[in-house]
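Protein chains in written order, with my numbering: chain A, 12 to 289; chain B, 54 to 305. Even for Gly, the Cβ is constructed at its ideal location relative to N, Cα and C. A quick write-up on the structure given underneath.
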Amino acid sequence: MSPGIHDLPVEADSPLLSSARVTIWQRTWWRGWIVPIVLLVIWQTLGQVGFFPRNLLPTPSAVLSTLQGLTQTGEIWGHIGITLQRVAIGFVLGSAAATGLGVLTGYSRWLFQLLDPLLQALRSIPSLAWVPLFILWMGIYETSKVVLIAVGVFFPVYLNLVSGIQTVDRKLVEVGRIYRLKPYQLMIRVFFPATLPAYMVGLRGGLGLGWMFVVAAELMGASQGLGYLLVDGQTTGRADLTIASILLFAIFGKATDALIAAGSHRLLYWQDAYVARG
Amino acid sequence: MLNLTQVSKQFANGFTALTDIDLTIQPGERISLVGSSGCGKSTLLRIMAGLESPSNGEVLFNDQPIVSPHPNVGLIFQDPRLMPWLTVWDNVQFGIHHLSGSQRNQITQTTLIKVGLLPFAQHLPHQLSGGMAQRVAIARALVTKPEILLLDEPFSALDALTRMKLQEHLLQIWQYDRPTLILVTHDIEEALIMSDRIVIMHPHPGRIHQEFILDLPYPRRRTDPILQAWKEHLLDQLDLSLPTSNFHLMPV
């Protein structure tokens, strides 16, 4: 009676194991460093022989020693701290609002028709145009800065989330229906994981804009922060200070992005992603 | 027992997919609905699954009307439709979350053994071949212990060899619980290998043309002359004419 199905041949596939990706990454990460290092060496050499005017383009080593000076006095930590704080609060507020609204308009056609045209119209306003109004309403201090950053973060998160929800594979939703999932189960077990890739892209884009807007907010008027250092370097004619703060923006922008990228990589391990070779 | 009386389906755009389908299917029966594309066979299956509602008539499952997906009716689609973020193991458990963890794991394990995929329990869908993925989909339907298993051209997307293997494999698995198998296919050979009864459908509008009882022992050999004779006979029954609206596209 019992059929001999245990001998059924199992086609051995060669799955693209994630360990293979890790090995590729370990062997090739250094390639990204070649061009920047060559450029730095050229810059340093040309600067030292006096090819560039030093007050306008100081050498990399001069920028480094400026950074070192700021670190030794401890002054730098206050600037970094306040900028990180602004980005963090703005990012959390902006992405929370975008997530809430995105979920509502993504799932409800009615709310989408009601709210999405307005949000799209607001999106077409260049966000920096809000600055005077925000300063007028909320003053020059933290609130207006954080709100501006939140506005910047909002749209990429919202747009990606809504389009993610709206493009969830109808066929997978049908599987949920066949197994009689209740609406909230369908949301948690099908919509949420299916939307996650688009959502993570939105978060990364939102964070990028958050960093852009913190610069704008701090340029407008701040007594502390990396953006303040930028302006300070300009007004006091110290290009080394400005370049040092640009460098710090780059480092922290990249670091926070890498954090989200790593988190998204962990959450989306199941994706059948393309890995370029050679 | 599944009873269809006077089932019709007209879509919102006015297209009539099915008219007056009357069909009674006994428990444990293996039945195939065969027809060319556009004959409404898939729509009919979706109505039995409770995914679509008929415009007229009704579908009774053990005397209860089917208006939405029923816990004792399983459906296997043409494509596996596995959740790409779940392992094989978790995909198989997808429909039995109401059971306790230990029950769930036990059923999942025995079912994965049945379909021969236990060694692949921790794989993700994208790591499987098409045939393996479809076996996972079969396992996912089987763990709910359905009385009726609906199959919507389940093997048509696979290569010919895998298709033949899976047809026989499904018949072997069927032996365990002997659910009613309702198979929609456009492949006459598949219907001949797998079913006790074959219903031929005609299109425009979709309707039942004729039914045939196949009183042949299993397993059936594809090369069996009797089967070949059946095949020729059934092919003659299929309405293979193109819809008239297509003729103006042909070169004169």
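Residue 56 (chain B) carries a strand assignment under DSSP once its states are collapsed to helix, strand and coil. Against chain B, the beta carbon of residue 199 (chain A) has no neighbour under 9 Å; the closest one sits roughly 11 Å away.
In this structure, residue 172 (chain A) sits away from residue 217 (chain A), with a CB-CB distance that is not shorter than 8 Å. By the C-beta density criterion, residue 282 (chain B) is exposed, having fewer than 16 other C-beta atoms within 10 angstroms.
Non-local C-beta neighbours of residue 232 (chain A) in its own chain, meaning closer than 8 Å and more than five positions away in sequence, comprise 146, 151, ordered along the chain.
The continuous stretches of beta strand (DSSP E) do not include residue 244 (chain B), which lies in the alpha helix (DSSP H) extending over residues 241-247.
Burial state of residue 255 (chain B) is buried, judged by a 10 Å Cβ sphere holding 16 or more other Cβ atoms. Neighbours of residue 183 (chain A) in chain B, taken as residues whose beta carbon is under 7 Å from its own, are 134, 136 in chain order.
In the three-state reduction of the DSSP assignment, residue 174 (chain B) falls in the coil class, being assigned neither a helical nor a strand state.
Separation of residue 191 (chain B) and residue 173 (chain B) (C-alpha to C-alpha, rounded to the nearest whole angstrom) is 15 Å. Of the other Cβ atoms in all chains shown, 16 or more fall within 10 Å of the Cβ of residue 201 (chain B); this residue is therefore buried. A direct Cα-to-Cα measurement between residue 93 (chain B) and residue 279 (chain A) gives close to 39 Å. Using beta-carbon distances, residue 191 (chain A) counts as an interface residue toward chain B, with a partner under 8 Å. Contact annotation: the region 84-95 of chain A touches the region 230-249 of chain A, with at least three C-beta pairs closer than 8 Å. Inter-residue distance for residue 194 (chain A) and residue 144 (chain B) is about 19 Å (C-alpha atoms, whole angstroms).
Put simply, the CB of residue 154 (chain B) is far from chain A, with every gap to its CB atoms at 8 Å or more.
Between residue 188 (chain A) and chain B, the shortest Cβ-Cβ separation is below 8 Å. Using a Cβ distance threshold of 8 Å, residue 210 (chain B) and residue 183 (chain B) count as a contacting pair. Not a single C-beta of chain B is nearer than 8 Å to the C-beta of residue 194 (chain A).
Residue burial is scored here from C-beta neighbours: residue 72 (chain A) has fewer than 16 other C-beta atoms within 10 angstroms and is therefore classed as exposed. Between the alpha carbons of residue 197 (chain B) and residue 265 (chain B) lies a distance of about 30 Å. Taking a C-beta distance under 8 Å as the contact criterion, residue 199 (chain B) and residue 125 (chain B) qualify as a contact pair. For the alpha helix (DSSP H) assignment, the uninterrupted runs of no fewer than 4 residues enclosed by the region 203-268 of chain B are, from N- to C-terminal side, 213-230, 241-247. Counting along the chain, residue 73 (chain B) sits inside the beta strand (DSSP E) bounded by residues 69-78.
DSSP places residue 113 (chain B) in the strand class (E or B) of the three-state scheme.
Segment contact: the region 74-88 of chain B against the region 117-131 of chain B, fewer than three CB-CB distances shorter than 8 Å; contact not assigned. Your pair residue 110 (chain A) and residue 127 (chain A) does not check out as a contact, with CB atoms roughly 15 Å apart and the cut at 8 Å. Counting along the chain, residue 83 (chain B) sits inside the beta strand (DSSP E) bounded by residues 83-87.
Look at the beta carbons and you see the region 197-214 of chain A touching the region 268-283 of chain A: at least three pairs across the two are nearer than 8 Å. Per the DSSP secondary-structure output, residue 129 (chain B) pairs in a beta bridge with B:204. Within the region 174-187 of chain B, the residues whose Cβ lies closer than 9 Å to any Cβ of chain A are, in chain order, 176, 177, 178, 179, 180, 181, 182, 184, 185. Scanning B:226, B:277, B:140, B:244 for the CA closest to the CA of residue 163 (chain B) turns up B:226. Of A:225, A:234, A:282, the smallest CA-CA separation from residue 100 (chain A) is found for A:225.
A straight line joining the alpha-carbon of residue 130 (chain B) with that of residue 142 (chain B) spans about 19 Å.
For residue 243 (chain A), no chain B residue has a C-beta closer than 7 Å to its own C-beta; the minimum C-beta separation is roughly 48 Å. The beta-carbon distance between residue 108 (chain A) and residue 165 (chain A), rounded to whole angstroms, is 6 Å. This is short enough to meet the 8 Å contact definition.
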